[in-house]
Each structure stands twice: as structure tokens, then as C-alpha cells.
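What follows is a set of notes on a single structure, which appears directly below.
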Amino acid sequence: IIEEGLEKDIFQEDEDGSIYVDFENGKYPSAIIKRNDGSTLYLSRDVANVKKRANEGFDCNIIVVANEQDLHFQQLFEIAEMFGIENIQNEHISYGLVHLQDGSMSSSEGNVIKLSDMMDKAVEKAAEVEQRSVDNAEEVGLGAIRYANLSVSRSKDIEFDWGDVLDFEGDSGPYLQYTNVRAKSILRETEKEGELVGKLTEDEYRLVKKLGEFPEKVETAADQREPAKIANYLSTLSEEFNSFYHSCQVTGVEKETEKRRVEIVESFVKVTDQGLELLGIEPLNEM
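Using my numbering, you'd call the opening residue of the sequence shown number 29 and step up by one each time.
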């Protein structure tokens, strides 16, 4: 790839023997492709990788790397265009960094936490919170970490606080799981089959309207590579359901009303089951 770049005048050789690339009109800073000792860098290897994938018939090349490398990938994709590599869609999925309560994680400063250690700690803490069932601790703990990461727009840094992450009452993975379980417990209390009959009350209408937004939210999340769209939607939906739960009795009411509300609760369970699974969070039957 370096020889081809030199032949096409994409790359230039410096007096010290290093190879570099300049970008038209100073669009990006010049970048070293090969050091004067003959060693290559990530940029040269990534260009070769993009070309290899294009030649192998890939339609899309998606690279998921933190936003610290934004410039690197801007330069990479610009070089790919200079090489005429146009039969593949190159996309950098950039994301922010995780900040602990006492600062961000940094390998140079020695305060990096291994994911495996964080997952173990999440399970332990989930078991401690309100003395939840140990049987569910793993699903709750891991779901809490996933939600904490995916509920923040990927362009932003994450402020990680265990108190918020495992808050069963707030914007968290456990809150979504618990609300989903609450809805399932309602369905276990009734033998009625759901049917959307009769006129909706205002509280019912708000929840039904919010449920209808799910397909659009999923499509938007996919198009924008932004799982936070789903996470934030599920949080708002769960708040709407809990409002419905406190204001609308489901069982022990007039037959038509019960059938209608059972149908609404069933729809909520279906949507939240699917939404949680899309986020990699396991829906539970009991908590």
C-alpha cells in the first residue's frame, strides 16, 4: 500500500526517509505513514485493511473506537478516497470515555478497571441492593452496566456512579427490568384475554401512544448507530407505565375495561421485552 501510494503521489518521502501524506487545502494535519526506521503505523495498516475489505466485497466497514481517535479515522477515510476506494462505506462509530467518581480511566495513570472486575462488582452490588434475589443478581448487575453505557449518547462521556447505576427507582437498567416484571405480575393475576375495546381513558391513551413509537425509535437507533435512542425511550415508556399502573386498576374492574387494560399491559410487556433484548439486557419474570 505504501509503494502504491508513492507511485500515485498520494504519499511523499521526507528527507529523513519517512513517508507521509498531506491533505488537500490543509483539511487535516499531515500524517506519518512509515517511520524512517522502516516501521509502519496504525494509519498505514488501517489503509491496507480498508482496501482489503473493499476487495473482498464488504458493503460497509464499521469501526468502533473511542472518540480520542476521531482525527485518525477522518484521515484514514480521506486517504481511502485518495486511493479511489469507493465501493465500500467506511464508518467510524465514535464513543466517549467512562469517568469514574474519582476521575476517568487511564492506562497511563494506572487507574484502569477491567471489565471482568466491574461485572463481578455489579453482580455483588445488585445482590446487596434491597437484598434482591441472588438468582437474579447477575442479570440485574450486568443489565445495569449495559444500560449505564448505552443510555448515554455515544458522543458523550459517561459519568459512572454505582448509586445511579443500580438505582431501582431512577433512570437505570434495574428500574426497567423491575417495571417489566411488575407488568408481568399483573398479567398473572388475571385470566382475561386482552382486547382493545371501548374508549381509552386519558392515562390509557398516553401509554398506548407511547407504545406506538417503538418501531420508529428502533429504526432511528439503527440509522444513527445510537442505542441511546432505545434506552431513553424505554425509560420514558416505563415512567408512563408506572403512571398508568398507579391510576388505572387492571383487575377487578368492569369486564370491558379489564380486557382493554390487559391488552395494554400485554403490549407493554412485548415492547419492553424486545427493547431490553436489543440492549443486551435480559428481561426477567421475577425480581
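Just so it is clear, CB atoms sit at the ideal spot from N, CA and C, and this is done for glycine as well.
Assumed close pair residue i, residue j - CB separation to whole angstroms, cut-off 8 Å
i	j	result
F296	F269	5 Å
L239	V290	Actually they do not touch by this definition, with Cβ atoms about 14 Å apart.
D199	S179	7 Å
I30	K62	6 Å
L104	V75	6 Å
G191	G171	The Cβ separation is near 16 Å, so there is no contact.
I186	M110	At roughly 35 Å, the Cβ-Cβ gap does not stay under 8 Å, so I186 and M110 are not in contact.
C276	T207	Actually they do not touch by this definition, with Cβ atoms about 15 Å apart.
Delimiting residues of the alpha helix (DSSP H) encompassing residue i
i	result
K80	70-83
Y261	256-275
L304	283-306
E310	Premise fails: E310 is in no alpha helix (DSSP H) and is neither H nor E.
M315	Unbroken run through M315: none, as it is neither H nor E.
I30	30-35
V278	Per DSSP, V278 belongs to no alpha helix (DSSP H) and is neither H nor E.
V180	No alpha helix (DSSP H) holds V180; DSSP gives it neither H nor E.
S55	The question names Ser, yet the displayed sequence has Lys at residue 55. It is not in any alpha helix (DSSP H) - K55 carries neither H nor E in the DSSP assignment.
K149	143-156
Straight-line Cα distance separating residue j from residue i
i	j	result
N95	I107	19 Å
E254	E43	45 Å
E166	L34	54 Å
S183	L306	20 Å
S263	I60	46 Å
E314	K149	22 Å
G169	D231	32 Å
L235	V278	14 Å
V225	T285	8 Å
A256	A249	7 Å
F188	A176	7 Å
K287	L304	26 Å
Y48	L69	11 Å
N64	E41	9 Å
A155	S144	17 Å
R216	E294	11 Å
P57	F101	12 Å
V93	A211	38 Å
G66	E114	29 Å
Y273	K80	55 Å
E368	D87	The structure shown does not extend to residue 368, since the chain spans only 29 to 315, so no value can be given for it.
M147	K153	10 Å
First through last residue of the beta strand (DSSP E) which encompasses residue i
i	result
S122	117-123
F39	39-41
Bridge partner(s) assigned by DSSP for residue i
i	result
I47	E41, K62
A94	Y123
N89	N118
Legend entry - Start-end ranges of the beta strand (DSSP E) lying completely within the segment 185-257, minimum 3 residues: List check, beta strand (DSSP E) in window: nothing returned.
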